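Q: The structure is given below, and queries will be raised subsequently.
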Amino acid sequence: MTRGIVAVSQRIDDYPERGEYRDALDQQLCVWIARAGFVPVQVPNRLGDDAAIHAWLHAVSPAGIVLSGGADVGKHHDRDRTEGVLLEHAKAFDLPLLGICRGMQFLALQFGAQLVEREGHVRIRHRLIPRTGEKIPATVNSYHTWTLTECPSMFQTLATCEADGTIEAFAHTNLPWEGWMWHPERESPFAEADHSRFEILFGGSGRPQSGAGL
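The numbering used here puts the sequence shown at residues 139 to 352.
Below you can see the structure in the form of structure tokens.
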């Protein structure tokens, strides 16, 4: 028995020589979500206007939402619009939401934060410094050039990078929303710490609290 559907946003890949724009998602992210007992369903980026995206979400009725990684915010208007509607839907129905890498960056920008381009975060592993009491993986992968140095309004920092103090994870103060700058689907094998936190966040008990979970 499944625990419900998780709607997952997708990146857009350009193939101008073919006149094609393709939605794409790492298969491992679907595997990672399915391992927690949910059914991952990819959200198309060209459904139409905002009303059409809302109608799709009401038809699918997800139990939670994941904003996936891949490419920079602002590169494709269709994706940015789709993810904006996903945030509206998650807020309206108090759904759990996880932003992964680019997804965390999108969340930060939507709440007024600024991203800072910085070297030393691509194809490397970082040690993390968790906020006191938070159960966060000790080390994580890193595949981004844009970093976050200040937490956006309505969010609190969960963990920072030991090397330079940039924010690696945050959580909304009222909604069951989190952002992780690392890619849990790229760990091999999957990290149990990531799964435990995801299951608590999406399992109906709200955001992982101090001393809970891992």
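Glycine residues also receive a C-beta, built at the ideal position from the N, C-alpha and C atoms. Here the structure is a predicted model, which means the values were calculated and not measured.
1) Need the endpoints of the beta strand (DSSP E) that His-264 sits in, please.
2) Can you find the residues in the same chain that come closer than 6 Å, C-beta to C-beta, to Pro-268, ignoring five residues on each side of it along the sequence?
3) For Glu-158, which residues in the same chain have their Cβ closer than 7 Å to its Cβ, ignoring the five residues on either side in sequence?
4) Which one of Phe-328, Val-146 and Pro-327 has the shortest CA to CA distance from Leu-236?
5) Excluding the 5 residues flanking Val-211 on each side, which residues of the same chain have their C-beta closer than 7 Å to its C-beta?
6) By the 10 Å Cβ neighbour count, where 16 or more other Cβ atoms means buried, how is Glu-272 classified, buried or exposed?
7) Between the beta-carbon of His-356 and the beta-carbon of Phe-336, is there less than 7 Å?
8) What is the DSSP secondary structure of His-192, counted as helix, strand or coil?
9) Indicate the three-state DSSP secondary structure (helix, strand or coil) for Glu-181 in the structure shown.
10) When the Cα of Gln-148 is compared with those of Asp-188, His-196, Gly-207 and His-192, which residue comes out closest?
11) So Cys-299 and Glu-306 are supposed to be a Cβ contact under 8 Å. How far apart are they, rounded?
12) Let's test the definition: count the other Cβ atoms within 10 Å of the Cβ of Ala-228 and tell me whether it reaches 16, buried, or not, exposed.
13) Would you mind working out which of Asn-183, His-215, Gln-165 and Asp-188 sits nearest Val-177, comparing C-alpha positions?
14) Per DSSP, Ala-297 forms a beta bridge with which residues?
15) In whole angstroms, give me the CA-to-CA distance for Phe-249 and Leu-225.
16) Kindly identify the DSSP beta-bridge partner or partners of Ser-280.
17) In the structure shown, what three-state DSSP assignment does Leu-286 receive?
18) Can you list the beta strand (DSSP E) stretches of 3 or more residues lying completely in the stretch 141-187, in chain order?
19) I need the straight-line Cα distance from Gln-190 to Thr-270, nearest angstrom please.
20) In this structure, how does DSSP classify Glu-255 when only helix, strand and coil are distinguished?
21) I need the boundaries of the alpha helix (DSSP H) containing Glu-316, first residue and last residue.
A: A quick look at the data gives this:
1) The residue given as residue 264 occupies position 126 in the sequence shown. His-264 -> beta strand (DSSP E) spans 260-268.
2) As a working note, residue 268 is residue 130 in the sequence shown. Closer than 6 Å at the Cβ level, and outside the excluded window around Pro-268, lie Ile-274 and Ala-297.
3) Residue 158 sits at position 20 when you count from the first residue of the sequence shown. Excluding residues up to 5 positions away in sequence, nothing lies with its Cβ nearer than 7 Å to the Cβ of Glu-158 in the same chain.
4) Locating residue 236 in the sequence shown gives position 98, where the first residue counts as 1. Closest by C-alpha distance to Leu-236, out of Phe-328, Val-146 and Pro-327, is Val-146.
5) The residue given as residue 211 occupies position 73 in the sequence shown. In chain order, Asp-218, Arg-240, Gln-243, Phe-244 and Leu-247 place their CB closer than 7 Å to the CB of Val-211, counting only its own chain and leaving out the 5 sequence neighbours on each side.
6) On the sequence shown, residue 272 is found 134 positions in, with the first residue counted as 1. That one is buried.
7) With the chain covering 139 to 352 only, the question about residue 356 has no answer from this structure.
8) As a position in the sequence shown, residue 192 is number 54, starting the count at 1. In the structure shown, His-192 sits in a helix (DSSP, three-state: H, G or I).
9) Position 43 of the sequence shown, counted from the start, is the residue given in the question as residue 181. Reading the sequence as shown, one finds Val at residue 181 and not Glu. Residue state, collapsed to three classes: coil.
10) Against the sequence shown, residue 148 aligns to sequence position 10. Among Asp-188, His-196, Gly-207 and His-192, the Cα nearest to that of Gln-148 is on Gly-207.
11) Walking along the sequence shown from the start, residue 299 turns up at place 161. Walking along the sequence shown from the start, residue 306 turns up at place 168. Indeed they touch by this definition, with Cβ atoms about 5 Å apart.
12) Counting from one through the sequence shown, the residue named residue 228 turns up at place 90. Counting C-beta atoms within 10 angstroms of its own C-beta, Ala-228 has 16 or more neighbours from the protein chains shown and is therefore classed as buried.
13) As a working mapping, residue 177 is identified with position 39 in the sequence shown. Nearest option by C-alpha distance: Gln-165.
14) Residue numbering aside, residue 297 sits at position 159 when the sequence shown is read from its first letter. Under DSSP, Ala-297 shares a beta bridge with Pro-268 and Ala-307.
15) As a first step, residue 249 must be located in the sequence shown, where it is residue number 111. As a first step, residue 225 must be located in the sequence shown, where it is residue number 87. If you take the alpha carbons of Phe-249 and Leu-225, they lie about 11 Å apart.
16) Residue numbering aside, residue 280 sits at position 142 when the sequence shown is read from its first letter. In the DSSP assignment, Ser-280 forms a beta bridge with Ile-262.
17) Here residue 286 is taken as the residue at index 148 of the sequence shown, counted from 1. In this structure, DSSP gives Leu-286 an extended state, which the three-state scheme calls strand.
18) Counting only runs of 3 or more, we get 143-146, 149-153, 158-162 and 177-180.
19) On the sequence shown, residue 190 is found 52 positions in, with the first residue counted as 1. On the sequence shown, residue 270 is found 132 positions in, with the first residue counted as 1. Residue 190 is actually Ala in this sequence, not Gln. Between Ala-190 and Thr-270, the C-alpha separation is close to 43 Å.
20) Taking the sequence shown and counting its residues from 1, the one referred to as residue 255 is at position 117. Of the three classes helix, strand and coil, the one that applies to Glu-255 here is strand, per DSSP.
21) In the sequence shown, the residue the question calls residue 316 occupies position 178. Unbroken run through Glu-316 is the beta strand (DSSP E), 315-318; no alpha helix (DSSP H).
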